[in-house]
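In my numbering, the protein residues as written are 176 to 514.
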């Protein structure tokens with residue numbers, strides 16, 4: 176396309192001469208929003224289709240136009256045969272957009288979690304079963320979304336709130352106080368916790384892969400594009416974003432500053448490849464070990480007894496003595512058999 180005299184690149188893609196992005200089952204074509212450039216791009220794609228036999232499904236193809244007159248948009252739609260749409264579009268079940276993820280889009284993940292919990296709440300699940308479901312299902316839903324998005328803090332706090340409520344009440348939302356603080360349950364079992372992931376720190380570790388990609392100058396389109404648009408000739412270690420920078424780019428910068436508190440620049444660059452779990456463990460830090468973890472989490476104990484024992488060693492079992500120490504008025508009736 177660079178050899179065509181009248182073709183013009185999208186303003187954000189001109190330095191890289193970027194015209195397309197290929198996905199597993201899709202293709203994004205981009206150019207400047209004027210008719211001649213769009214027409215030349217469509218003709219190039221038609222030549223590719225005739226040569227390879229890969230045709231575009233017009234029923235599933237859309238055009239996204241911004242900053243263009245309605246007359247030009249109408250001509251483009253007539254020439255292409257595609258329909259007009261607006262961002263975000265769905266890919267692999269998630270909305271793709273250049274803007275910050277909205278509250279409505281964040282709510283999809285919360286709705287999925289609460290829907291699962293409402294089904295589970297129909298059963299009388301033990302604490303151990305809830306722990307397993309949180310680790311294997313709820314945290315997996317968050318992990319999938321976190322690999323794609325930089326999730327807002329309010330969304331992460333809502334996820335933690337739902338998981339905490341399900342653990343102690345079996346419901347997605349509850350005012351019931353926790354027997355153990357959520358931050359404590361997110362610690363490793365050897366440190367007295369239940370081994371849950373701290374979603375706030377996990378989000379930082381996940382976002383850190385973008386920091387690492389720029390620090391090591393990875394050979395991918397994202398790194399090249401960010402370097403050409405934002406970094407230019409600047410040094411990533413000392414870089415500061417402008418006020419007009421996007422929300423996502425500012426979050427990447429904020430993550431870089433957080434990682435600098437735990438990693439030297441040389442340590443970050445020497446990490447090949449980037450391991451989210453390794454960075455997460457570094458962010459969590461070294462917690463003091465407890466002496467009773469082997470007694471609680473061993474194969475000789477049944478699953479139900481492990482959790483009860485875990486509560487007992489932390490003095491969090493809801494016993495009469497504990498309620499009395501909390502100045503809770505108990506109305507108890509003791510039935511004593513006559514000898």
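C-beta atoms are modelled at their ideal positions from N, C-alpha and C, and glycine is treated no differently. A quick note: this is a predicted structure, and the numbers were derived from the prediction, not measured.
{"query": "Whole alpha helix (DSSP H) runs in the region 220–268 with 4 or more residues, listed along the chain?", "result": "245–255"}
{"query": "Take every Cβ of the region 371–385, pair it with every Cβ of the region 447–456, and state whether three or more of those distances are shorter than 8 Å.", "result": "yes"}
{"query": "Output the boundary residues of the beta strand (DSSP E) element that contains residue 202.", "result": "202–204"}
{"query": "Report all residues from its chain with a CB closer than 7 Å to the CB of residue 335; omit the five preceding and five following residues, and keep chain order.", "result": "357 and 374"}
{"query": "Report the start-end ranges of each alpha helix (DSSP H) in the region 377–430 that is 4 residues or longer and not cut off at the edges.", "result": "396–401"}
{"query": "Any chance you could list the alpha helix (DSSP H) runs of at least 4 consecutive residues sitting entirely within the region 299–381, in chain order?", "result": "302–308, 314–321, 328–344 and 357–360"}
{"query": "Quick one: grab the DSSP three-state call for residue 197.", "result": "strand"}
{"query": "Suppose you measure from the CA of residue 139 to the CA of residue 199; what does that come to, to the nearest Å?", "result": "There is no way to answer for residue 139, as the model of the chain reaches only from 176 to 514."}
{"query": "Do residue 327 and residue 293 count as a contact pair if the criterion is CB distance below 9 Å?", "result": "no"}
{"query": "Return the CA-CA distance between residue 473 and residue 345, expressed in angstroms with no decimal places.", "result": "25 Å"}
{"query": "When the distance is taken between beta carbons, is residue 250 closer than 9 Å to residue 210?", "result": "yes"}
{"query": "Between the alpha carbons of residue 424 and residue 351, how many angstroms are there, rounded?", "result": "39 Å"}
{"query": "Whole angstroms are fine: how far does the CA of residue 307 sit from the CA of residue 488?", "result": "21 Å"}
{"query": "By Cβ distance, which residues of its chain are closer than 6 Å to residue 256, with the 5 residues on each side in sequence left out?", "result": "233"}
{"query": "I think residue 458 touches residue 376, with their Cβ atoms under 8 Å apart; what is that distance to the nearest whole Å?", "result": "5 Å"}
{"query": "Are the beta-carbon atoms belonging to residue 365 and residue 269 less than 9 Å from one another?", "result": "no"}
{"query": "Below 8 Å CB to CB, which residues in the same chain sit around residue 541 once its five sequence neighbours on both sides are set aside?", "result": "An answer regarding residue 541 cannot be provided, because it is not within the stretch 176 to 514 covered by the chain."}
{"query": "Any idea which residues DSSP pairs residue 271 with across the strands?", "result": "264"}
{"query": "Using a threshold of 9 Å, state whether the C-beta atoms of residue 486 and residue 354 are closer than that.", "result": "yes"}
{"query": "Who are the near neighbours of residue 217 in its chain, counting only those whose CB is closer than 7 Å to its CB and skipping five residues on each side?", "result": "254 and 255"}
{"query": "Helix, strand or coil, according to DSSP, for residue 450 in the structure here?", "result": "coil"}
{"query": "Compare the beta carbon distance of residue 396 and residue 191 with 9 Å and say whether it is the shorter of the two.", "result": "yes"}
{"query": "According to the neighbour-count rule (16 or more other Cβ atoms, all chains shown, within 10 Å of its Cβ), is residue 392 buried or exposed?", "result": "exposed"}
{"query": "Report buried or exposed for residue 438, applying the criterion of at least 16 other Cβ atoms within 10 angstroms of its Cβ.", "result": "buried"}
{"query": "Can you round the beta-carbon distance between residue 240 and residue 208 to whole angstroms, since I take them to be within the 8 Å contact cut?", "result": "6 Å"}
{"query": "Please report the distance separating the alpha-carbon of residue 343 from that of residue 304.", "result": "12 Å"}
{"query": "Let me make sure I understand the geometry here. Which of 408, 450 and 284 has the alpha-carbon closest to that of residue 319?", "result": "284"}
{"query": "Please classify residue 440 as buried or exposed, where buried requires at least 16 neighbouring CB atoms within 10 angstroms.", "result": "exposed"}
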